[in-house]
Each structure stands twice: as structure tokens, then as C-alpha cells.
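Note that the sequence shown covers residues 1 to 396 in my numbering. Don't be surprised by glycine CBs; every beta carbon is placed ideally from N, CA and C. If you're wondering where the values come from, they're calculated on a predicted model, not measured in any experiment. One structure below.
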Amino acid sequence: MVRPDWPEDVVPLALDTAPVPAYGTASLADLLPTLAAGQGVPGLHRTIAELAPADRNCVFLIDGLGWEQLRAHPEDAPYLTSLLAGSLGGTGRPLTAGFPATTATSLASFGTGLPPGAHGLPGYTARNPETGELMNQLRWKPWTSPRVWQPYPTVFQLADEAGVHTAQVSSPTFRDTPLTKIALSGGTFHGRLTGEERMDFAAQQLAAGDRSLVYTYYSELDGKGHRFGVDSDAWRGQLMYVDRLVQRLAEQLPPRAALYVTADHGMIDIPFDEESRIDFDEDWELRAGVALLGGEGRARHVYAVPGAEADVLAVWREVLGDRFWIASRDEAIAAGWFGPQTDERVYRRIGDVVAAAHDDVVITASVNEPNESAMVGMHGSMTRVEQFVPLLEVRS
1 MVRPDWPEDV
11 VPLALDTAPV
21 PAYGTASLAD
31 LLPTLAAGQG
41 VPGLHRTIAE
51 LAPADRNCVF
61 LIDGLGWEQL
71 RAHPEDAPYL
81 TSLLAGSLGG
91 TGRPLTAGFP
101 ATTATSLASF
111 GTGLPPGAHG
121 LPGYTARNPE
131 TGELMNQLRW
141 KPWTSPRVWQ
151 PYPTVFQLAD
161 EAGVHTAQVS
171 SPTFRDTPLT
181 KIALSGGTFH
191 GRLTGEERMD
201 FAAQQLAAGD
211 RSLVYTYYSE
221 LDGKGHRFGV
231 DSDAWRGQLM
241 YVDRLVQRLA
251 EQLPPRAALY
261 VTADHGMIDI
271 PFDEESRIDF
281 DEDWELRAGV
291 ALLGGEGRAR
301 HVYAVPGAEA
311 DVLAVWREVL
321 GDRFWIASRD
331 EAIAAGWFGP
341 QTDERVYRRI
351 GDVVAAAHDD
361 VVITASVNEP
371 NESAMVGMHG
381 SMTRVEQFVP
391 LLEVRS
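So this is what it looks like as C-alpha cells:
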């Protein structure tokens, strides 16, 4: 169905034009299995063929450090920029984050080595089919059992069981969170407050075993991007700081070690105007037949009132189909948006309708999501600015 007031040359975006993440060859979910398999951990495979094995591997995940944003700011990140040509095993290419390109989903993909359709965190918020409520998978509200929600072991757990010295070095805030438990647990968690402390301790942990797998994390770049935008002075200041942190860690690598710098998603700034920010809470057409609105502004899960699924899909395509890829649940799964397979327990966590932004536009919810709706920087969809993340490498 095409909206009558559209120009004749404007039609809904074809689903086969959506750039599906490179699951199984060059996605964030492929990184840890590749590194751990190279260390001899059984049951895992080296799916990123370009990466050479190392006895000691450290991954520094910088929240919000997109490939395109890094390339756009070489003067603020000279050290990181010097590593770009060697990204992804010397190919000079990025990884893809996975869909949706958002922290909870990406960290679960990274830590379990599984795509979202398997690990079961398909967005920022998703419906719990058992309760009918929206669950925030970053803040884990309302509470549900972490191991029921995500039952697979993490790569860190598998490595620890195989005798690899395994450690996470992050803010103490994340020590006992459900997301840490289901995505990043295994070995020992070490809480360190400052970025410098994390870099120094990560290097120590890397040297602590003949085979080591160490993870460290920095979140503040993402926070500045959400609040001020990815070309703001505040964001650029954080990028300068992150650049120094990476160099600090790289200069302390022990022998036989590899450091990989990556991210969970990129980010795009969205203008504050009615064309760019479509308010679901104020749009009667989009609300018609919708029981719950999940996901986030650029990657929405739309849960229909029973029986209204087809009508909701038709209206969303009619209203938004020239700016968003709009798919039914089954279409999104068949297209591989959530990976090559979707577990039965995950199926109804995915929206009856899934909307992924193509243009520089978001679907806000000013009443129900006031904080998220006020953000400058956004992410979630399959565009290169959100999907592409670096895989920078330093070896000792």
C-alpha cells in the first residue's frame, strides 16, 4: 500500500536492500570465538579467518566508537587512526555490530559468540512473552531470571573451563549486573574506577597466564554522544581520552599478546525537527492497533493487539516505509536480521512489526520515553554509521 500523497517515484523500501550484518564471518559475535578457538578452547571455531592466533588476547570494547565516527575525527584520535589500515586482520575493513546495533544486544552477541536470534536480547526493550511486559534488557527491568532469559554459556566461561586465564576489567558498577552475568561472566571480574587503572590492570591480567583472555570496557564516549552528539566538543574530548587509553594499554602488552579495539555500535545525530523525530505518542495512525512499542528510536519492535498484526504492518509501511525498512516478524527473521536462526524462546520477543531506520530519522515516544526521546545521538539500525565498528589490532 502506498500513501496517496507520496510522489509517484517514492515507494516503500524493499527489504532485500537492508544491509544485513555479516553474521558468521565478520560480526561482533564472531570475535571472541575466533580468539578463544585460536587458544585451543574446544567447541569454538575461527570464523574471522583474517585473525592470526595469539596466546594472550585482550579486547578493549569502547562503547559507541563507530567506524565512521572514528574516520571522521583523525585529529582527535591520532593513535587509533594509525591503526585503521590494519583493521580486521590487515584488511582495513570494519566489523558489523549486529541488529539492532545497541549495547545490550551487542554485548550479549560479543560475550556469547551468538547472534541475537539465539542469545535472545533482540533490542533495548523487548516484550517478555511470559508476562506481556516490555523488558529493558540494559537495565534488566522488570526483573526476570538471567539464566532463563539467556541460557547459553559465555565464551569467557568456556575459556575458563579450558584453562585459559580469563578476566574482565571494568567499572565496579557492572560487577553484579544481570547483563554482565549472562554476557560477560567467566573467570574473574576486577573493578577499577578510572580508565588508566583499567588499562594498567588489564595489561597485568594479560601477562598473568601463558594463555590469557582479557576484556576491558569504557562507556563514557557513548554517554557524551547521546547527550551532546558525535561531533560535540564533549564527545571529541572523550575520543581524545580514549585514544590515549588505547596507546597506554598497547605500550604495556606482554610477549605473545594481541590487543583488539572494537565497539558495540556507531551513532548518528538526529535533528530536532518534526520530519526527523516522529513522535509515536502523538501519532494516532502509528498507535492504532499497537499494544506495546519496544526497541528504540532507530530500531523499533512493534507489538500489535491480537488480530491487528496485518493492519499494523500495512499502516507502518504506508506511513514510514520510504524512510524505514518495515518488516513483519517472520520477514525480519527470514531476511537474517537477527542471525541465521532464531530460537523458539526468542521468537515472540521480536515485534510483530520491526522498523529499522534508513534515513536520518527516529521514532520517539515523548510521553513514555522522555529521556530517550531527548537524546541527540541515536543508534540501533543497519546503516553503516551504526553497524560498522572497528577491529583495530596491536601485537607485541
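C-beta contact flag for residue i and residue j at 8 Å
| i | j | result |
| --- | --- | --- |
| Ser232 | Lys224 | yes |
| Trp337 | Leu13 | no |
| Val155 | Leu44 | yes |
| Phe189 | Arg175 | yes |
| Asp16 | Gly24 | no |
| Arg298 | Val362 | yes |
| Asp63 | Thr103 | yes |
| Gly351 | Val302 | yes |
| His379 | Ala49 | no |
| Ala207 | Pro254 | yes |
| Gly113 | Ile333 | no |
| Glu68 | Gly266 | yes |
Rounded straight-line distance, which links the Cα of residue j to that of residue i
| i | j | result |
| --- | --- | --- |
| Leu184 | Gln168 | 8 Å |
| Gly66 | Asp264 | 8 Å |
| Leu84 | Gln387 | 16 Å |
| Val394 | Ala159 | 22 Å |
| Leu51 | Gly40 | 15 Å |
| Val148 | Ser381 | 27 Å |
| Arg3 | Asp330 | For Arg3, the predicted model reports a pLDDT of 35, less than 50, meaning its position is unreliable; a value from the coordinates is still stated below. Distance between the alpha carbons of Arg3 and Asp330: 24 Å. |
| Phe425 | Asp210 | A question about residue 425 goes unanswered here, because the residues of the chain that appear run from 1 up to 396. |
| Gly191 | Ser219 | 14 Å |
| Trp284 | Trp316 | 12 Å |
| Ala239 | Met375 | The amino acid occupying residue 239 in the given sequence is Leu; Ala does not appear at that position. Spanning the two alpha carbons is a distance of roughly 19 Å. |
| Glu275 | Asp359 | 11 Å |
| Asn128 | Leu179 | 16 Å |
| Ala37 | Ala365 | 43 Å |
| Thr47 | Ala26 | 8 Å |
| Thr144 | Ser396 | 43 Å |
| Glu8 | Ala327 | Residue placement at Glu8 is flagged as unreliable, the pLDDT there being 45, under the threshold of 50; the coordinate-derived value follows with that caveat. Glu8 and Ala327: Cα-Cα distance of roughly 22 Å. |
| Gly321 | Val353 | 12 Å |
| Ala126 | Arg300 | 9 Å |
| Leu391 | Ile270 | 26 Å |
| Asp401 | Ala97 | Nothing in the structure corresponds to residue 401, since the chain is present only between 1 and 396. |
| Gly86 | Phe201 | 26 Å |
| Gln252 | Arg93 | 26 Å |
| Ala250 | Glu130 | 46 Å |
Supposed contact pair residue j and residue i - C-beta distance, whole angstroms, cut 8 Å
| i | j | result |
| --- | --- | --- |
| Ala214 | Cys58 | According to the sequence provided, residue 214 is Val. The question's Ala does not apply to it. Correct: roughly 4 Å between the Cβ atoms. |
| Leu95 | Val389 | 5 Å |
| Ala356 | Ala18 | 6 Å |
| Ile182 | Pro142 | That pair is no contact at about 16 Å. |
| Ala79 | Val246 | Note that residue 79 is Tyr in the sequence shown here, rather than Ala. With 8 Å as the limit, Tyr79 and Val246 qualify as a contact, their Cβ atoms being about 6 Å apart. |
Residue closest to residue i, alpha-carbon to alpha-carbon, out of the options
| i | options | result |
| --- | --- | --- |
| Val290 | Leu313, Ser145, Ile268 and Gly89 | Leu313 |
| Pro306 | Gln69, Trp143 and Arg348 | Arg348 |
| Trp235 | Gln204, Leu206, Ile268 and Arg248 | Ile268 |
| Met135 | Val164, His73, Pro42 and Thr105 | Thr105 |
| Leu138 | Leu107, Gly132, Ala332 and Tyr152 | Leu107 |
| Ser109 | Ala22, Glu369, Ala310 and Asp200 | Ala22 |
| Thr177 | Ala162, Pro151, Pro153 and Trp140 | Trp140 |
| Asp273 | Ser373, Thr34 and Tyr152 | Ser373 |
Whether or not the region 342-349 and the region 271-282 are in contact is what I'm after, with contact meaning three or more pairs of Cβ atoms, one per stretch, closer than 8 Å; do they touch? Of all C-beta pairs linking the region 271-282 to the region 342-349, fewer than three are shorter than 8 Å, placing the two stretches out of contact.
With three or more C-beta pairs closer than 8 Å as the rule, is the region 290-305 touching the region 122-141? Flag = yes, the region 122-141 and the region 290-305 touch.
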